[in-house]
Amino acid sequence: DGYYIHGQCAIIMFDVTARLTYKNVPTWHRDLCRVCENIPIVLCGNKVDVKNRQVKAKQVTFHRKKNLQYYEISAKSNYNFEKPFLYLARKLAGNPELHFVESPALAPPEV
């Protein structure tokens, strides 16, 4: 629980190819809410690019019970990867119109 102290928002991520990770979502959510009251939380199902999916989209229902935003993402292929961050940034800034601006990566300074 110490990891959550002073948390302003959270992403709970599970692996759609490993059923046990989804079964742990309620525990992670409970622990988060016990330490951080009333923060924006996003639930993410990762690895949606993988063929042998164990947790089907219709089986993901926890977010509805707790009124959480849910995104299916792939960190590997970058599918929807920005969506949870944009959602949380908008919530934290109190600005539903907030957008991320693309910019080229800067080279690190020479030392």
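Using the UniProt record's numbering, you'd call the opening residue of the sequence shown number 1 and step up by one each time. For every residue, glycine included, the Cβ atom is placed at its ideal position computed from N, Cα and C.
Going along the chain, which unbroken runs of the beta strand (DSSP E) with 3 or more residues stay wholly within the stretch 5 to 54?
Segments of the beta strand (DSSP E) lying fully in the stretch 5 to 54: 10 to 15 and 41 to 46.
By alpha-carbon positions, which one of K56, V60, I12 and R34 ends up nearest to residue 149?
Past the edges of the chain, shown from 1 to 111, lies residue 149, and the structure says nothing about it.
I need the boundaries of the alpha helix (DSSP H) containing Y87, first residue and last residue.
Note, Y87: alpha helix (DSSP H), K83 to A93.
Using beta-carbon positions only, say whether K91 and P40 come within less than 7 Å of one another.
Yes. Within cutoff.
Beta-carbon separation of C36 and G7 under 7 Å?
Yes, these two residues count as a Cβ contact at 7 Å.
Name the residue from H63, G45 and K56 whose alpha carbon lies nearest to the alpha carbon of S74.
Closest by alpha carbon: G45.
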